[in-house]
Amino acid sequence: MKYPLENWRRLKRGYRFGEKTFYSDFHLGTDYIVPVGTLVFAPYSCEIIKSGNFSEGGNTIHVRFKRRGYGLIIMRCMHLSKMSPPGKYRAGDILGLTGNTGKLIRGAHLHIDLSRKKVQIKNRQNFIDPEEFFSQTKKL
Ligand SMILES: [Zn+2]
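Residue numbers (this note's numbering): 1 to 140.
As C-alpha cells, then:
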C-alpha cells in the first residue's frame, strides 16, 4: 500500500475529522496541507467512479476500493487542480494533482474523506477518520 500523498506522516494537517470548521461543525475528513500541484496517489488498486467540479469542493474525484475489515470504501479527494479520468488504477498510480479549487477553502490543501459503500453527506456515522483508516490498513 501507498499513502495518497508522499511524506504522509510528516505532512501538516489542517482541519481533522470531526472538527469544527469555518463552514461546518463537523469536518467529514482530514485536510492535508500541500502546495498546488502535489501528486495524489492511489493507495490501493481502485477505480475513479466519478469526477467533476463542484462549487464547494472544487474539482473532486470519488475513488472506490475494497479493504478487508471495511468492505467497499469511497474516498473523496477535493480542491484538486487536475483530475485523472474515471477508470481503474493500480496502487501508486496518479489520481490527480492537489490545488485550491472550490469555495470551501482558505489556502491550498487536499481534503480526503472516506465513506462506507456510498457518500451520504448527512450521515456522519458513515464516514471514517482518514488518519485512523490509513494507519490501520497499513498494518494489514
Ligand atoms: Zn476539508
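Note that CB positions come from ideal geometry on N, CA and C, so glycine has one too.
These numbers were taken from a predicted model, which means no experiment stands behind them.
Discussion item. Suppose you measure from the CA of serine 115 to the CA of threonine 38; what does that come to, to the nearest Å?
Written reply: Rounded to whole angstroms, serine 115 to threonine 38 spans 23 Å at the Cα level.
Practice prompt. Using a threshold of 8 Å, state whether the C-beta atoms of glycine 57 and leucine 104 are closer than that.
Written response: yes
Discussion item. Taking 6 Å as the limit between beta carbons, can you name the residues of its chain near arginine 106, skipping five residues before and five after?
Written reply: Once the five neighbours on either side are set aside, arginine 106 has no close Cβ partner at all.
Worksheet item: With proline 43 and alanine 91 assumed to form a contact (beta carbons below 8 Å), what rounded beta-carbon distance in angstroms separates them?
Response: 7 Å
Fill in: Through-space distance from serine 135 to tyrosine 70, alpha-carbon basis
14 Å
Worksheet item: Around the C-beta of leucine 140, are 16 or more other C-beta atoms found within 10 angstroms, so that it is buried, or is it exposed?
Response: With a pLDDT of only 47 at leucine 140, under 50, the local geometry of the prediction cannot be trusted, and no value is derived from it.
Worksheet item: Taking all protein chains shown into account, do 16 or more other C-beta atoms lie within 10 angstroms of the C-beta of isoleucine 61, making it buried, or fewer, making it exposed?
Response: buried
Worksheet item: Can you give the Cα-Cα distance for histidine 27 and arginine 9, rounded to whole angstroms?
Response: 20 Å
Discussion item. Are there any heavy atoms of ligand 1 lying less than 7 Å away from the beta-carbon of glycine 29, as far as the coordinates show?
Written reply: yes
Discussion item. Following a CB-centred definition, is tyrosine 142 positioned closer than 7 Å to any heavy atom of ligand 1?
Written reply: Since the first and last residues shown for the chain are 1 and 140, residue 142 lies out of range.
Item to complete: Would you kindly report the start and end of the unbroken beta strand (DSSP E) that includes valine 63?
Response: 58-67 is the extent of the beta strand (DSSP E) around valine 63.
Worksheet item: For asparagine 52, does the count of other Cβ atoms within 10 angstroms reach 16, so buried, or fall short, so exposed?
Response: A small correction: the amino acid at residue 52 is glycine; asparagine does not occupy that position in the sequence shown. Exposed is the call here.
Discussion item. Are there any heavy atoms of ligand 1 lying less than 7 Å away from the beta-carbon of tyrosine 32, as far as the coordinates show?
Written reply: For tyrosine 32, the CB stays at least 7 Å from every heavy atom of ligand 1.
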